[in-house]
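Protein chains in written order, with our numbering: chain A, 25 to 192; chain B, 25 to 192. Let me begin by presenting the structure, written as structure tokens, before commenting on it.
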């Protein structure tokens, strides 16, 4: 599956836009390096999320710890790095759960989802332009917080985590 | 919550890219009109999904029927229109379930999720550049198909639907 033609229409910092011609139609595609997100649960049975300003939404959103793949980095490595940077959490038992496209109609961002259980506290070191507040919920209370979630990867990740626990 | 400055960096067909300055940092934001997705279940107890070529993913993906908001159109109206166009399904009992951002780090696409139960079959009328195959699963078999889903809205939508049924 390959386009007949492809041209870069916008060359940005995090993202580019490519216009691809497929037969008689054109597709405008946002190029993105891909990303990771982690459902991280500590030994006390709390899941840690992050609340941060999201300029596209014009509000603070509560989300799974997440980040963008760097060149040449394996998703599992990115996930451990981003979790430690944003929350200080490290160690624990890790599982690669699934991958999905965040919005596959027009964007090439693939999201790699991990579960990390039994993680341990440590010191966070967020990027300068990240103002991140940690949010901890007991796993048993995730269900009643779901209505607060307005982010697709976080909804999918927490719901998959709950099903996985129920099946165990 | 407002940027200090904003400029259009790319003026595209479906999307634009805006660069916003917030204090000492800049954000590159993909502008999108917003979208809808529908978990549609018919009177026989089947959920209908669509399998279509997704150029950003370079493959066919199975997804909820979905579409882009048109100017001045209410999300509920878009959802009924898109469901009927893509699948022919119409009627039934509709609920607005939740809204979420598909990828809020860099994209202003807000997704409105609906459940439509008891929908009835009819004739589809897909757009010319949409080559859509309908996929029907008995609701009781959604669970074992979840691993085939590689789209965030579809994962979130089906998982929310399953929880809702279990709670009922």
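Glycine included, each C-beta is placed from N, C-alpha and C at the ideal position. All of these numbers come straight from a predicted model, not from anything done at the bench.
For residue i: DSSP bridge partner residues
i, result
"residue 177 of chain B", "According to DSSP, residue 177 of chain B bridges with nothing at all."
"residue 40 of chain A", "A:35 and A:55"
"residue 83 of chain B", "B:78"
"residue 135 of chain A", "A:59 and A:124"
"residue 117 of chain B", "B:141"
"residue 16 of chain B", "Past the edges of chain B, shown from 25 to 192, lies residue 16 of chain B, and the structure says nothing about it."
"residue 30 of chain A", "A:44"
Outcome for residue i when other beta-carbon atoms lying within 10 angstroms are tallied against a minimum of 16
i, result
"residue 29 of chain A", "exposed"
"residue 95 of chain B", "exposed"
"residue 128 of chain A", "buried"
"residue 10 of chain B", "With chain B represented from 25 up to 192, any question about residue 10 of chain B goes unanswered, as that position is not in the structure."
"residue 26 of chain A", "exposed"
"residue 37 of chain A", "exposed"
"residue 155 of chain A", "exposed"
"residue 98 of chain A", "exposed"
"residue 134 of chain A", "buried"
"residue 101 of chain B", "exposed"
"residue 56 of chain A", "buried"
"residue 162 of chain B", "exposed"
"residue 32 of chain A", "exposed"
"residue 67 of chain B", "exposed"
C-beta neighbour in chain B for residue i, strict 8 Å
i, result
"residue 80 of chain A", "yes"
"residue 132 of chain A", "yes"
"residue 185 of chain A", "no"
"residue 124 of chain A", "yes"
"residue 127 of chain A", "yes"
"residue 180 of chain A", "yes"
"residue 27 of chain A", "yes"
"residue 39 of chain A", "yes"
"residue 189 of chain A", "no"
"residue 44 of chain A", "yes"
"residue 32 of chain A", "no"
"residue 51 of chain A", "yes"
"residue 54 of chain A", "yes"
Closer than 8 Å to chain A by CB, residue i
i, result
"residue 113 of chain B", "no"
"residue 36 of chain B", "yes"
"residue 164 of chain B", "no"
"residue 175 of chain B", "yes"
"residue 85 of chain B", "yes"
"residue 74 of chain B", "no"
Backbone secondary structure at residue i - three-state DSSP
i, result
"residue 162 of chain A", "strand"
"residue 171 of chain B", "helix"
"residue 50 of chain B", "strand"
"residue 88 of chain B", "coil"
"residue 93 of chain A", "coil"
"residue 127 of chain B", "coil"
"residue 140 of chain A", "strand"
"residue 189 of chain B", "helix"
"residue 45 of chain B", "strand"
"residue 64 of chain A", "strand"
"residue 150 of chain B", "coil"
"residue 106 of chain B", "helix"
"residue 101 of chain B", "helix"
Distance cut-off 7 Å: residue i Cβ against heavy atoms of the ligand MN
i, result
"residue 85 of chain B", "Only the bare structure without any ligand can be found here, which leaves the ligand MN out of the picture."
Supposed contact pair residue j and residue i - C-beta distance, whole angstroms, cut 8 Å
i, j, result
"residue 137 of chain B", "residue 123 of chain B", "7 Å"
"residue 157 of chain A", "residue 82 of chain A", "17 Å between Cβ atoms; not a contact."
"residue 107 of chain A", "residue 71 of chain A", "In fact, because the Cβ distance is near 12 Å, the residues do not count as touching under 8 Å."
"residue 182 of chain A", "residue 166 of chain A", "6 Å"
"residue 113 of chain B", "residue 64 of chain B", "5 Å"
"residue 41 of chain B", "residue 41 of chain A", "7 Å"
"residue 45 of chain B", "residue 79 of chain A", "Not a contact, Cβ separation roughly 10 Å."
Test: residue i CB closer than 8 Å to a CB of chain C
i, result
"residue 130 of chain B", "The structure shown contains no chain C; its protein chains are A and B."
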